[in-house]
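Undergrad:
2 protein chains.
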Amino acid sequence: MDEILTARAEILKAIAQPTRLKIIELLRDGERCVCEIFPAIAEEQSNTSRHLNIMQNNGILARRKEGTKILYSVKHPEALEIADLASAILKKEISGKSNLLQAV
Amino acid sequence: MDEILTARAEILKAIAQPTRLKIIELLRDGERCVCEIFPAIAEEQSNTSRHLNIMQNNGILARRKEGTKILYSVKHPEALEIADLASAILKKEISGKSNLLQAV
DNA sequence: CTTCTGTATGAGCATATAGTCATATAGTTA
DNA sequence: TAACTATATGACTATATGCTCATACAGAAG
């Protein structure tokens, strides 16, 4: 069905952006508050907040309150697997191209 | 590094779009020419061609000439795994929400 | 009550994206 | 050579995206 394709695409889109990937990589080590995340990734607080929101809305991140802080974490291990598979494809592609280079 | 994050994001973006996901699902069964793909997914030939190009440029699809036709196929099994993981996350999210509904 | 800290959001801007229609190109076939 | 088939591309439009600056808001601390 078409709605399912759109929903699946939305989930992937929520990961498929450099700043968001960076956040996901940071959150591999466990949950972090916004105040830790935005300095770690060197982005504005407002921009970071928006990206966190996008990922939370699409089921990539979980959000939890602790005292005055909001803690975000990766919700499903599948999100990390997707991030890893992107690396795997990239590696294959680069090694394919370097083979080409060697053949020149 | 920042360039690697961008490259990984580009790969994921090449998958994270409904029309392109539809094409990927179609190509699970093996390679197809453009002339088979665009009627199967009910998109214009020109639009289909552009999406195929995007995916080929980002290492998602392989392109091969056979006679007068161009055959496209999924280049790395990882691309299919990514598509599957998006479904897995979607399922979890939906079942999470339906649990909520039941609890009301 | 005021101030401070942590987080979210409105408004605006520049660029990217997906789609359409028309046309270009390359290789067949008549 | 002319017409046809398969694919790609230019030009355009509408919408989405990512970012910034400024501001809002909620809770804690003074």
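So the sequence lines, in the order shown, correspond to chains A and B. Start counting the first sequence at 1; every next residue gets the next number (my numbering). Start counting the second sequence at 1; every next residue gets the next number (my numbering). All C-beta atoms, glycine included, are put in the ideal place defined by N, C-alpha and C.
1. Below 9 Å between beta carbons is the criterion; list the residues of the segment 16-41 of chain A that meet it against any residue of chain B, in chain order.
2. With Leu71/A as the anchor, note down where its beta strand (DSSP E) starts and where it stops.
3. Is any beta-carbon of chain B found at less than 9 Å from that of Ile11/A?
4. Taking only beta carbons into account, state which residues of the segment 90-101 of chain A come closer than 7 Å to chain B, listed in chain order.
5. Which stretch, first to last residue, makes up the beta strand (DSSP E) that contains Glu66/A?
6. Should Ile24/A and Val74/A be called a contact, given that it needs their Cβ atoms to be closer than 9 Å?
7. By Cβ distance below 7 Å, which residues in the same chain neighbour Thr68/B in space, the five residues on each side in sequence not counted?
8. Identify the residues that DSSP records as bridge partners of Arg32/A: which are they?
9. What residue does the alpha helix (DSSP H) around Ile11/A start on, and which one ends it?
10. Is Ile60/A close to chain B, meaning its C-beta is less than 9 Å from at least one C-beta of that chain?
11. Starting from Leu52/B, trace the alpha helix (DSSP H) both ways and give me its first and last residue.
12. Classify Gln17/A as helix, strand or coil using the three-state DSSP reduction.
13. Once you ignore the five residues that flank Ala14/A on each side, which residues in its own chain have a CB closer than 6 Å to its CB?
14. Along chain A, in chain order, which residues have C-beta atoms closer than 7 Å to that of Gln85/B?
15. Shorter than 9 Å from the beta carbon of Ile4/B to some beta carbon of chain A?
16. Which residue wins for smallest C-alpha separation from Ala79/A, given the options Arg20/A, Glu44/A, Thr6/A?
17. Express the C-alpha separation of Ser46/B and Pro77/A in angstroms, rounding to a whole number.
18. Could you tell me whether the segment 21-41 of chain A touches the segment 79-89 of chain A, using the rule of 3 or more Cβ pairs below 8 Å?
19. According to DSSP, is Ala88/B part of a helix, a strand, or is it coil?
20. Please state whether DSSP places Ala83/B in a helix, a strand or coil.
21. How many whole angstroms separate the CB atoms of Lys22/B and Leu5/A, which I take to be in contact at a CB cut-off of 8 Å?
22. Using a Cβ cut-off of 9 Å (strictly closer), state whether Arg64/A contacts chain B.
TA: Taking the definition as stated:
1. Ala16, Gln17, Pro18, Thr19, Arg20, Leu21, Lys22, Glu25
2. Taking the first sequence and counting its residues from 1, the one referred to as residue 71/A is at position 71. 69-74 is the span of the beta strand (DSSP E), which, as asked, contains Leu71/A.
3. Here residue 11/A refers to the residue found at position 11 when the first sequence is read from its first residue. For Ile11/A, the answer is yes, since a Cβ of chain B falls inside 9 Å of its Cβ.
4. Those would be Leu90, Lys92, Glu93, in chain order.
5. In the first sequence, residue 66/A corresponds to position 66, counting from 1. First-last of the beta strand (DSSP E) with Glu66/A: 61-66.
6. Start at 1 with the first residue of the first sequence, and residue 24/A comes out as number 24. Start at 1 with the first residue of the first sequence, and residue 74/A comes out as number 74. Closer than 9 Å, so yes.
7. For the purposes of this step, residue 68/B is taken as residue 68 along the second sequence, with counting starting at 1. Excluding sequence neighbours, Thr68/B sits near nothing in its chain.
8. Translated into positions along the first sequence, residue 32/A becomes position 32. Note: Arg32/A sits in a beta bridge opposite Tyr72/A.
9. The sequence position of residue 11/A within the first sequence is 11, counting from 1. First-last of the alpha helix (DSSP H) with Ile11/A: 2-13.
10. Start at 1 with the first residue of the first sequence, and residue 60/A comes out as number 60. Taking Cβ atoms only, chain B reaches closer than 9 Å to Ile60/A, which makes this a yes.
11. Along the second sequence, one-based indexing puts residue 52/B at 52. That run of the alpha helix (DSSP H) goes 45-57.
12. The residue labelled residue 17/A in the question sits at position 17 within the first sequence. If DSSP states are grouped into helix, strand and coil, Gln17/A belongs with coil.
13. Within the first sequence, numbered from 1, the residue matching residue 14/A stands at position 14. Contacts found: Ile54, Met55, Asn58, Ile60.
14. The residue labelled residue 85/B in the question sits at position 85 within the second sequence. The question names Gln, but residue 85/B in the sequence shown is Leu. The answer, in chain order, is Glu78, Glu81, Ile82.
15. As a working note, residue 4/B is residue 4 in the second sequence. It does: the Cβ of Ile4/B has a partner Cβ on chain A nearer than 9 Å.
16. Locating residue 79/A in the first sequence gives position 79, where the first residue counts as 1. That would be Arg20/A, whose Cα lies nearest to the Cα of Ala79/A.
17. The residue labelled residue 77/A in the question sits at position 77 within the first sequence. The residue labelled residue 46/B in the question sits at position 46 within the second sequence. Using only the alpha carbons, I get a separation of about 37 Å.
18. The segment 21-41 of chain A, when compared against the segment 79-89 of chain A, does touch it at the 8 Å Cβ threshold.
19. In the second sequence, the residue the question calls residue 88/B occupies position 88. Assigned with DSSP and collapsed to three states, Ala88/B falls in helix.
20. One-based indexing of the second sequence puts residue 83/B at position 83. DSSP places Ala83/B in helix when its eight states are reduced to three.
21. One-based indexing of the second sequence puts residue 22/B at position 22. One-based indexing of the first sequence puts residue 5/A at position 5. That pair is a contact at about 6 Å.
22. Locating residue 64/A in the first sequence gives position 64, counting from the first residue. For Arg64/A, no CB of chain B lies under 9 Å from its own CB, so it is not counted at the interface with that chain.
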